[in-house]
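So for the sequence shown, numbering that gives the first Met the number 0 puts the first residue at 0; every next one is plus one.
The beta-carbon is built from N, C-alpha and C at its ideal position, and this holds for glycine as well.
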Amino acid sequence: MKSAISKTRKYNGFNAPKGSRISFVDGAPVVPDNPIIPFIEGDGIGPEIWLATRRVVDAAVASAYGGKRNIAWFEIFAGGKAKELFDNWLPDDSVDAIADFGVAIKGPLNTPSGGGFRSLNVRLRQTLDLYSCIRPIHHIEGVPSVLKAPEKLDVVIFRENTEDVYAGIEYQAGTEDALKVAGLLSELGTEVREGTGIGIKIISKEASRRLVRRAIQYAIDHGRKSVTLVHKGNIQKYTEGAFSLWGYELAKEEFGDLTITEKELWDEHDGVLPEGKVLVNDRIADAIFYELLINPEKYSVIATTNLNGDYLSDACAAQVGGLGVAPGANIGDTSALFEAVHGTAPTIAGKNIANPTSLLLSALMMLEYMGWDEAAAMVHKALSRTIGNKRATGDLTRLMDDARALSTSEFADALIAELPAVEAKEQLVGDETKNQNVVPAANTRGKRAMPKVSVIGAGGVGATCAQYIANMGLADVVLLDIQEGIPQGKGLDLLQAGALLGSDARIHGTNDYADTVGSDIVVITAGIARKPGMSRDDLLKTNATIVQEVAHRAFTLSPEAIFLVVTNPLDVMTYLVWKTTGLPSAKVIGMAGALDSARFKAFIAEALDVSVVDIQAMVLGGHGDLMVPLPRYSTVSGIPITELMDAEKIEALCARTRDGGAEIVSHLKTGSAFYAPGASVTMMVESILKDSHRLIPSSVHVGGAYGIKGDLFIGLPTVLCRHGVHGVVEIKLRRDEKRALKASAKTVQGTIETMETLLG
């Protein structure tokens, strides 16, 4: 078994979430009920397909085990994201995390361009000694195929992962090293042409035997009838031929009573496989391609060398629908890495149209590897039903008749809808795991279930948010801050105040992001106020750095949450949270318009000496100086204020609204507003959790609304529902109002560009 991991160990600067590690005994995983599983989102379409996969897996685990088991996901980094964050395509900490926690899953990764870079996938496999690349390939009913009978192919390919030409032993033509190798070959009696690039193919006895051992054991464990050793030994006798020879030797030495050769099958049993025996045979590599097309049903498990396996697994995947529906796993004796087998598809990245099936099937393999067969079976059944009912992503439906194309997120929704309800499934776990630490499902406390809102930042705004949300009984609240003692003290004080006010909501103060796991809503108030001597750019960079880290850490633990942003400059920080998390724009919302409209509303009520209850106020645009108050759409009992006040008075109210925050700061001397911002956030939280569909001016992704182009967030009339943004209401604006709104948007866009430059 592996040695224990230090509880203080950080990976890429982050603590692992609460949970337990997977250990190994004799090469087999011992899985607790709450395993920590590292994941790498991947490049290109990776974040989209990973989010969909994670949602389905979490739902299946919850459904299968009724909260008795759950996965503590832990993001680690490789590829483009790692390069951006750490200037390293594959940080050592990421490799260490996979080794330490035992099982991981990843999306597709780009290989850096230019000389000197090995494939990141190959580096991971070789560094972790993940010697078995396992590719189960079978047809899912409904998936279009070029074959008439794709269901006949049901094969599991075991590809040796660490040797062959993938060992990376190459010498560029014309280099001194290439000339040295050519000279050595000449001494051994082999001449090569001048200007020859040289690569060395290595095949070892140890690597060959352990790969075949795993393939035969798999066949025995899964009731498969044959293991075929695929090689090119008729040409490469001492590498490919040796692989086959060593495979036969291993079968006879370690599985002699359970295996039979093809010669023995015909000489002793007239071609009839005896009960309880596995046939071990071999085929030449080029012949097997033909055989798998003409007689696919004759083959069950294939064990082969690295290059042959690479070709063969992709060719077989093409027969059942392509790489988009083919899973993959890389397994060693003390680690396992499951992965999407396709590329990063950069041309469709960010469009929410990618097919997550490959990664989802790889996650299914992971669940089976962990022994969580019930959850794995649910995922497979959901896939079969959904695709069988002609609901899939566009890459598949364009080849189907009368099919409905779904986005990536919609496909995940459809799969989850096919899972049995969590409440209807109360399956007990086995005796071997009863003494493991069990973590309840998120947001569950016995029979009482409350939504969960995490507020990041326990300053004035954050603590006020927590107070209002809890006192209204909207949700349990986690109040998090980096300062030790502050969130704990405020949380405890607010909890006790709730007892006096009759609120059953819990408030928990913490410094540990793990306590935010499974949040329904995350409110980001973290950031600093501008200090003396600090430029606007200094403030922008500082808060952007803070918000970027907060968003990443919160999203990692709550990928399904809706994010509400309060940190200034608000519209820009909302954009940053959206980019950092990769969430759909409907799930990232800024608080701006609600607060600005509330201020306008309060000033109108004060000026007219009427009840604020009868007033509706509308403020659009960027937060602060950039806001665009709309007096024509601001009313008292339906009467526009333009009918109740002259233009000069209205303009004075508009100016006071724009300066509303500054006016409060001028009185406080230190600090800024927190009651009204806290109440504004609470109003948004209420509309989301209650699915009220309230129209609340909010900073949202423009999406072309009001003729504003570009990826930016700005205050617009927004309907908020349980999914976040239900829609943006486009009201008719005068030319001057349109100009003001577009000018506001242009300023926000400029600040976004400045921020991106500052962040590098």
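Relative to the C-alpha of residue i, which candidate in the options has its C-alpha closest?
i, options, result
"residue 140", "287, 340, 381, 558", "381"
"residue 65", "90, 78, 50, 32", "32"
"residue 778", "13, 12, 37, 61", "Outside the modelled stretch of the chain, which goes from 0 to 759, sits residue 778, for which no answer is possible."
"residue 329", "156, 619, 513, 571", "156"
"residue 138", "261, 318, 495", "318"
"residue 687", "673, 702, 708, 722", "722"
"residue 92", "11, 144, 472", "11"
"residue 748", "48, 733, 700", "700"
"residue 307", "221, 498, 202", "202"
"residue 716", "710, 708, 725", "725"
"residue 43", "215, 110, 27", "110"
"residue 460", "515, 594, 571", "594"
Tell me residue i's beta-bridge partners as DSSP assigns them.
i, result
"residue 37", "73"
"residue 639", "634"
"residue 132", "158, 329"
"residue 179", "Beta-bridge pairing links residue 179 to no other residue."
"residue 801", "There is no way to answer for residue 801, as the model of the chain reaches only from 0 to 759."
"residue 522", "454, 563"
"residue 137", "153"
"residue 23", "28"
"residue 551", "Answer by DSSP bridge pairing: none, since residue 551 is not bridged."
"residue 169", "198"
"residue 259", "278"
How big is the Cα-Cα spacing for residue i and residue j?
i, j, result
"residue 217", "residue 75", "30 angstroms"
"residue 349", "residue 585", "14 angstroms"
"residue 449", "residue 690", "15 angstroms"
"residue 556", "residue 299", "40 angstroms"
"residue 637", "residue 631", "11 angstroms"
"residue 63", "residue 403", "28 angstroms"
"residue 294", "residue 133", "22 angstroms"
"residue 650", "residue 599", "11 angstroms"
"residue 606", "residue 490", "38 angstroms"
"residue 99", "residue 125", "16 angstroms"
"residue 720", "residue 475", "19 angstroms"
"residue 335", "residue 103", "6 angstroms"
"residue 385", "residue 656", "52 angstroms"
"residue 405", "residue 390", "7 angstroms"
"residue 750", "residue 82", "25 angstroms"
"residue 128", "residue 549", "34 angstroms"
"residue 388", "residue 40", "29 angstroms"
"residue 340", "residue 70", "23 angstroms"
"residue 436", "residue 36", "Its pLDDT being 30, under 50, residue 436 is placed unreliably in this model, and the value from its coordinates should be taken loosely. Cα-Cα distance, rounded: 16 angstroms."
"residue 120", "residue 338", "10 angstroms"
"residue 94", "residue 301", "29 angstroms"
"residue 46", "residue 123", "19 angstroms"
"residue 175", "residue 191", "15 angstroms"
"residue 504", "residue 735", "47 angstroms"
"residue 136", "residue 311", "11 angstroms"
"residue 107", "residue 49", "10 angstroms"
"residue 322", "residue 316", "6 angstroms"
"residue 672", "residue 528", "11 angstroms"
"residue 267", "residue 282", "21 angstroms"
"residue 392", "residue 246", "41 angstroms"
"residue 414", "residue 101", "28 angstroms"
Mark residue i as exposed unless 16 or more other C-beta atoms lie within 10 angstroms of its C-beta, in which case mark it buried.
i, result
"residue 739", "buried"
"residue 273", "exposed"
"residue 612", "exposed"
"residue 24", "exposed"
"residue 231", "buried"
"residue 433", "Any reading at residue 433 needs caution, since the residue's pLDDT is 32, under 50, leaving its predicted position unreliable; the model's value is listed next. With fewer than 16 Cβ atoms within 10 Å of its Cβ, residue 433 is classed as exposed."
"residue 674", "exposed"
"residue 105", "buried"
"residue 363", "buried"
"residue 654", "exposed"
"residue 614", "buried"
"residue 97", "buried"
"residue 285", "exposed"
Practice task
List in chain order: all unbroken alpha helix (DSSP H) runs of 4+ residues lying wholly within the region 562 to 597.
Solution key: 569 to 580
Practice task
Note down, one range per segment and in chain order, each alpha helix (DSSP H) of at least 4 residues found wholly within the region 316 to 374.
Solution key: 356 to 368
Handout entry: Contained alpha helix (DSSP H) runs [length at least 4] in the region 280 to 310, N- to C-terminal order
Key = 284 to 293
Problem - Complete beta strand (DSSP E) runs within the region 493 to 521 (minimum length 3 residues, chain order) - result: 506 to 509
Exercise for the section: Please go through the region 689 to 739 and give each complete beta strand (DSSP E) segment of 3 or more residues, from N-terminal end onward. Expected result: 693 to 700, 712 to 720, 723 to 727
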